[in-house]
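Single-structure report; data block below.
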Amino acid sequence: MLFALLFITITIDFSCGSTTTIHSNVSSCPENERRALIDFKENLTDEAHRLRSWVGKDCCTWKGVGCSWRTGHVIKLDLRKPIPHDLYDYYTNELTGEMTPSFVDLKHLSYLDLSGNQLDSGLDFLGSLKSLRYLNLSDLFLNGKVPHNLGNLSRLQYLDLSGNYFGGPIPYTLGSLTSLTFLDLSGNYFNDTIKEKYFLCNLRSLVYMGLSGNSLDGSVPCCFGNHTSLSVFKLSGNDFEGPLPSCMGNMTQLTVLDLSANEFKGEIPNSLRNLRSLRVLDLSGNEFSGEFLSSVVGEFKNLTSLVISGNYFSGPLPSSLGRLLKLILSSNKFDGPLSALPSPTAILDLSNNLFSGPIPAGDYDVIDALVLSNNHFSGGIPVSLCNAGGIQLIDLSKNHLSEKIPRCFGNLGELIVLDLSSNNLHGQIPSSLGFLQTLQYLHLRNNSFHGELHLSLQNLTSISTLDLGENAFTGVIPHWIGDKLHNLVFLSLQSNNFYGADDGDHQVLVSEGDRYKDETELMWFWTGVGPGFMVGLLGVFFTLFFKRKWRYAYFQLIEDAYDRIFVAIAVKANWLRRKFHPQR
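Heads up: the sequence shown at position 346 corresponds to 346 in UniProt numbering, and the numbers run straight through without jumps.
What follows is the structure in structure tokens.
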């Protein structure tokens, strides 16, 4: 919805209609413009034959070319890399080569999208394309400095230079592009020091500003508060520091604010409570402090995603934080008992804080991932958690939980990860856990479980990690661990009271013949994989060290995939279902 609104604000008049093949009411496009396109094509490598239609006299019929129906002039060139069907297509769909200076003959061009290809060239010719309103050169492997003459494009409304290798300061001439509604410079090497009266403050029409993943430093200038039309503001992955200015409270149209992975510090100004349109707020990986949740966040009635992990926020958790889909408060100093958990929440991470008291009963029916590890929770596991029929990850490890695992956990038919390690739980593993056929990771280490392993656990055929160490289990080691759990990769039974496994006259997990075969195969496996793994690992590290763009993409991927890592495979399906059916 947000990006649809952004594109609506870009009022480019392509009355000719189609985004690919567009016919005009004139006989053919002008010869000099056709020649300019042919020169461009001749300097490209087109493995996927995307430009095979570029033949004949009328370039208005060529794929990716759009012409005015009134004059026949080329006004649109859309050659962005298409979405691939598989990894092979991802590379073959790329156009590679250079952008030729012949582009200067396309004087009527108002829309240019070459994103996702591998094109290299100086960009000085762009300053002569005075009719441009839409320019997308993202992910092209372009380097050097952005030419100052981009400031000549007074009609430009959309500018995306993200995901390249541009360095040096952001050219001050961009401050003259006062018609811009979309500006994305993220994922480059820009190294400005941001000061008050910064030239980007002149762009009062901006709806989207992305500066993430550069080397920008300084503090957020108060003049950014003049961007009263701004809806998306992303500064993550830079070196910004200092407190946030109170004038940011003037940006009342903000729906997305991402200040993560910087060096901000201090308390959040109370003026931010004015940002009542916020839907996504990410302040993670800074040095913010104070009781932010109780003083400010309660005003954000439309908030759906709140990520403030890795700061020094403190205080109790408010009883109401709105209808959040993602709440990640990990690695702060929140404390005290919880009267209720935020609800409904699809992804909830309160790990590495100082919460105490019992885990409250609540409305868990829409939750996908629950992470409460490394706190001081005590008491039993609430039975109401069994109502979370679609939950896929439960991590309650490193607390002071006692009592038994609720038998109704067998109802959690989509559970993938269950980590209850390092608590004071006791009793036997309930037989109902055998119904969790999607379970892949079961961690019960360092508790007081006892008794024999129930036969129903042999039904956990998807299990890859089974950690039962440091408990008081007894009896023979069941033979079905080797016979039935074929996907098992990691098994820990240490520090229990197990003995052998019964196979008639002998007690074994696997036969001697199978053991010899397995050991031989493992020897050859590690002989081949060990060196290969080390070479591959070093290759990755060296690449990440020398290629900053890849480093940014790698760590950005980790950040963006944070919630999906927890829920492994199927969280997206549940996310969408609950997003469009919030009443459930």
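From the three backbone atoms N, C-alpha and C, an ideal C-beta is built for every residue, glycine too.
Every value quoted in this text rests on a predicted model; they were computed, and no experiment measured them.
Hey, out of the options, whose CA is closest to residue i's CA?
i: residue 46; options: 288, 177, 96; result: 96
i: residue 300; options: 135, 254, 345, 338; result: 254
i: residue 105; options: 31, 134, 137; result: 31
i: residue 325; options: 405, 278, 367; result: 367
i: residue 138; options: 152, 119, 242, 337; result: 119
i: residue 441; options: 492, 411, 291; result: 492
i: residue 273; options: 219, 246, 388; result: 246
i: residue 322; options: 342, 331, 232; result: 342
i: residue 602; options: 463, 215, 476, 477; result: In this structure the chain extends from 1 to 584, so residue 602 is not present and cannot be described.
i: residue 208; options: 190, 408, 181, 266; result: 181
i: residue 333; options: 348, 356, 345, 346; result: 356
i: residue 427; options: 418, 194, 471, 415; result: 471
i: residue 373; options: 392, 418, 346; result: 418
i: residue 266; options: 304, 252, 219, 236; result: 219
i: residue 259; options: 304, 68, 252, 210; result: 210
i: residue 360; options: 351, 347, 338, 369; result: 338
i: residue 190; options: 271, 171, 478, 204; result: 171
i: residue 391; options: 316, 370, 304; result: 370
i: residue 243; options: 217, 226, 252; result: 217
i: residue 176; options: 153, 318, 70; result: 153
i: residue 240; options: 319, 279, 195, 340; result: 195
i: residue 336; options: 330, 351, 316, 347; result: 316
i: residue 489; options: 264, 465, 469, 476; result: 465
i: residue 408; options: 479, 420, 397, 435; result: 435
i: residue 57; options: 477, 375, 70, 36; result: 36
i: residue 250; options: 236, 278, 263, 264; result: 278
i: residue 236; options: 416, 263, 93; result: 263
Exposed or buried, residue i, counting other C-beta atoms within 10 Å across all chains shown (16 or more means buried)?
i: residue 448; result: exposed
i: residue 157; result: buried
i: residue 437; result: exposed
i: residue 302; result: exposed
i: residue 443; result: buried
i: residue 42; result: exposed
i: residue 483; result: exposed
i: residue 499; result: exposed
i: residue 81; result: buried
i: residue 383; result: exposed
i: residue 188; result: buried
i: residue 296; result: buried
i: residue 276; result: exposed
i: residue 117; result: buried
i: residue 193; result: exposed
i: residue 204; result: exposed
i: residue 620; result: A question about residue 620 goes unanswered here, because the residues of the chain that appear run from 1 up to 584.
i: residue 395; result: buried
Using the Cα positions of residue i and residue j, report the straight-line distance between them to the nearest angstrom.
i: residue 497; j: residue 451; result: 9 Å
i: residue 269; j: residue 353; result: 23 Å
i: residue 467; j: residue 458; result: 15 Å
i: residue 422; j: residue 238; result: 37 Å
i: residue 109; j: residue 55; result: 20 Å
i: residue 446; j: residue 425; result: 9 Å
i: residue 44; j: residue 76; result: 19 Å
i: residue 145; j: residue 215; result: 14 Å
i: residue 129; j: residue 107; result: 5 Å
i: residue 102; j: residue 74; result: 13 Å
i: residue 200; j: residue 165; result: 20 Å
i: residue 261; j: residue 212; result: 10 Å
i: residue 553; j: residue 186; result: Note that residue 553 has pLDDT 44, beneath the 50 cutoff, so the model's placement of it is unreliable and the number below is only indicative. Near 11 Å, if we compare the C-alpha coordinates of residue 186 and residue 553.
i: residue 234; j: residue 34; result: 40 Å
i: residue 65; j: residue 52; result: 13 Å
i: residue 173; j: residue 114; result: 23 Å
i: residue 385; j: residue 433; result: 14 Å
i: residue 231; j: residue 327; result: 21 Å
i: residue 349; j: residue 121; result: 46 Å
i: residue 363; j: residue 344; result: 7 Å
i: residue 135; j: residue 112; result: 5 Å
i: residue 460; j: residue 414; result: 12 Å
i: residue 61; j: residue 28; result: 9 Å
i: residue 79; j: residue 469; result: 57 Å
i: residue 304; j: residue 314; result: 21 Å
I think residue i touches residue j, with their Cβ atoms under 8 Å apart; what is that distance to the nearest whole Å?
i: residue 184; j: residue 206; result: About 11 Å separates the two Cβ atoms, so there is no contact after all.
i: residue 454; j: residue 429; result: 6 Å
i: residue 197; j: residue 169; result: With 8 Å as the limit, residue 197 and residue 169 do not qualify as a contact, their Cβ atoms being about 15 Å apart.
i: residue 228; j: residue 202; result: Contact flag wrong, Cβ pair sits at about 14 Å.
i: residue 127; j: residue 150; result: 6 Å
Is residue i near the ligand ATP, in the sense that its beta carbon is under 7 Å from a heavy atom of that ligand?
i: residue 362; result: The ligand ATP is absent from the structure shown, which contains no ligands of any kind.
For this session: Count the C-beta pairs between the segment 397-417 and the segment 362-382 that are closer than 8 Å, then say yes if the count reaches three, no if not.
Result: The segment 397-417, when compared against the segment 362-382, does touch it at the 8 Å Cβ threshold.
Exercise. At a cut of 8 Å, does the segment 303-316 reach the segment 278-292 through at least three beta carbon pairs?
Worked result: Judged by Cβ distances under 8 Å, the segment 303-316 makes contact with the segment 278-292, as three or more pairs qualify.
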